[in-house]
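See below for the structure under consideration.
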Amino acid sequence: MRTKGLFNFGPVFGYFFRKKDPNRHTNFNLRTMHTINKISMLMFLAGLIFMLFKFVILR
Numbered sequence: 001m002r003t004k005g006l007f008n009f010g011p012v013f014g015y016f017f018r019k020k021d022p023n024r025h026t027n028f029n030l031r032t033m034h035t036i037n038k039i040s041m042l043m044f045l046a047g048l049i050f051m052l053f054k055f056v057i058l059r
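Mapping of the sequence shown onto full-length UniProt numbering: residues 1 to 59, in sequence order.
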């Protein structure tokens with residue numbers, strides 16, 4: 001695997017900023033699941049940024 005493939009964040013941004021599909025069936029449970037997934041990904045990225053900051057800056 002090439003290192004260029006490791007830093008491909010296109011699918012992540014596509015998950016956060018995709019358009020609503022009018023043909024897709026949605027309900028409360030599905031929307032809640034996707035909201036929780038987005039929150040967990042944001043918390044993971046925030047923790048990763050914090051750890052990088054702590055490792056690089058506060059060395």
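Heads up, the beta-carbon is just placed ideally off N, CA and C, and yes, glycines get one too. No experiment lies behind these values; they were computed from the predicted model shown.
Item: K35 versus F55 - alpha carbon distance; Value: Looking at the sequence shown, residue 35 is not Lys but Thr. C-alpha separation (whole angstroms): 30 Å.
Item: Under 8 Å between C-beta atoms of F53 and K38; Value: no
Item: Extent of the continuous alpha helix (DSSP H) run through K54; Value: 28-56
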